[in-house]
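Residue numbers (the working numbering): 247 to 541. Note that beta-carbon positions come from the ideal geometry of N, C-alpha and C, so glycine has one too. Bear in mind that the values here come from a model prediction, so they are computed numbers and not experimental data. Quick notes on the structure that follows.
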């Protein structure tokens, strides 16, 4: 093997080195810690809901309907006399589940189609591009409204799959562009010259380096999906009772805001903090992986 070829192969960039430098940044660590806490709340809602009271969102006392915040009920009670704090904690599970699941499904679809479009022949690339264009032609929320209206039961899984159906095209286009750019890189051509199998080149060198920018967009998409789910649920098209989510709480509280503002403030606060943390993390990752935007 010639010396230039050896140097090119030894210099093969990997996403791992980029991630090592990223996780040392405070503007990545801070929102990541907030998101981690929210994930812990979603995975273990009962212990967190029991910190300030009984922790049961379905244990209600109609006689104390719309009671303001007090000891044992820091977020007050709703119209049925249910603890708002417990409902907000348990609502974290549904809202985050929709955001993460919808983004994960969309990410897998984008990964497969984007890689095919970037590496396969012109016919496959044309087909993938046209399918992507068709889905991009549907407005995100309008398409979700049409499909969800035709669906009977609207559970976390159903809403997630519908949102994923209209959320993958942007990521697929980015993945295709990244793959097409990386496949002509010097280190990939060096690996081809060495006779490394095509499947190994794709799995070890092309996909790991092409997927990094798509993961940044996926991080931002989680926040957008959570807002979309809350908006759809607020309109009565998203999740349905007996599910517990921030969107359902906001929908229930909208007509009673002047009488009991805590019904809207606390679910909205949790929603805002979650979306801001996810957006801040996504923006920090985008800057970190784009040298032109680094300060």
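Requested in this report: Assign residue 318 to one of two classes, buried (16 or more other C-beta atoms within 10 Å of its C-beta) or exposed (fewer than that).
Outcome: Classification for residue 318: exposed.
Requested in this report: Tell me where the alpha helix (DSSP H) around residue 417 begins and ends.
Outcome: 415 to 428 is the extent of the alpha helix (DSSP H) around residue 417.
Query - Extent of the continuous alpha helix (DSSP H) to which residue 467 belongs - result: Segment 453 to 480, the alpha helix (DSSP H) holding residue 467.
Report task. State whether the stretch 349 to 368 contacts the stretch 463 to 470, with contact taken as three or more CB pairs (one from each stretch) at a distance under 8 Å. Result -> Taking 8 Å as the limit for Cβ pairs, the verdict is that the stretch 463 to 470 does touch the stretch 349 to 368.
Query raised in the report: Is the number of C-beta pairs between the stretch 321 to 332 and the stretch 305 to 313 that are closer than 8 Å three or more?
Result: With a cut-off of 8 Å, the stretch 305 to 313 and the stretch 321 to 332 count as touching, because enough Cβ pairs lie within range.
Requested in this report: Could you spell out where the alpha helix (DSSP H) holding residue 449 opens and where it closes?
Outcome: Note, residue 449: premise wrong, no alpha helix (DSSP H); not H, not E.
Query raised in the report: Would residue 278 count as contacting chain D if we go by Cβ distances under 9 Å?
Result: The question asks about chain D, but that chain is absent: this structure has only one protein chain.
Query raised in the report: Going by alpha carbons, who is nearest to residue 482 out of 471, 343, 497?
Result: For residue 482, the nearest C-alpha among the options comes from 497.
Query - Where residue 323 falls, given that 16 or more other Cβ within 10 Å makes a residue buried - result: Looking at its Cβ environment, which holds 16 or more other Cβ atoms inside 10 Å, residue 323 is buried.
Query raised in the report: Taking DSSP as the reference, what is the three-state secondary structure of residue 324?
Result: Three-state DSSP puts residue 324 in coil, outside helix and strand.
**Report entry** Inter-stretch contact at 8 Å, needing at least 3 Cβ pairs: the stretch 377 to 387 / the stretch 440 to 460
**Finding:** The stretch 377 to 387, when compared against the stretch 440 to 460, does not touch it at the 8 Å Cβ threshold.
Requested in this report: Quick one: give me the first and last residue of the alpha helix (DSSP H) that residue 296 is part of.
Outcome: Taken as a continuous stretch (DSSP letters only), residue 296 belongs to no alpha helix (DSSP H), as it is neither H nor E.
Query - Exposed unless 16 or more other CB atoms sit within 10 angstroms - verdict on residue 490 - result: Answer is buried; the Cβ neighbour count reaches 16.
Query raised in the report: Among 278, 493, 492, 484, which has the Cα closest to the Cα of residue 392?
Result: Ranking the options by Cα distance to residue 392, first place goes to 484.
Report task. Helix, strand or coil for residue 529, going by three-state DSSP, please let me know. Result -> Correct three-state label for residue 529: helix.
Query raised in the report: Whose C-beta lies closer than 7 Å to the C-beta of residue 548 among residues of the same chain, with five residues either side of it excluded?
Result: What the structure shows of the chain is the stretch from 247 to 541, and residue 548 is not part of that stretch, so it cannot be assessed.
**Report entry** Cβ distance (whole Å) where residue 332 is taken to contact residue 301 below 8 Å
**Finding:** Confirmed, about 5 Å.
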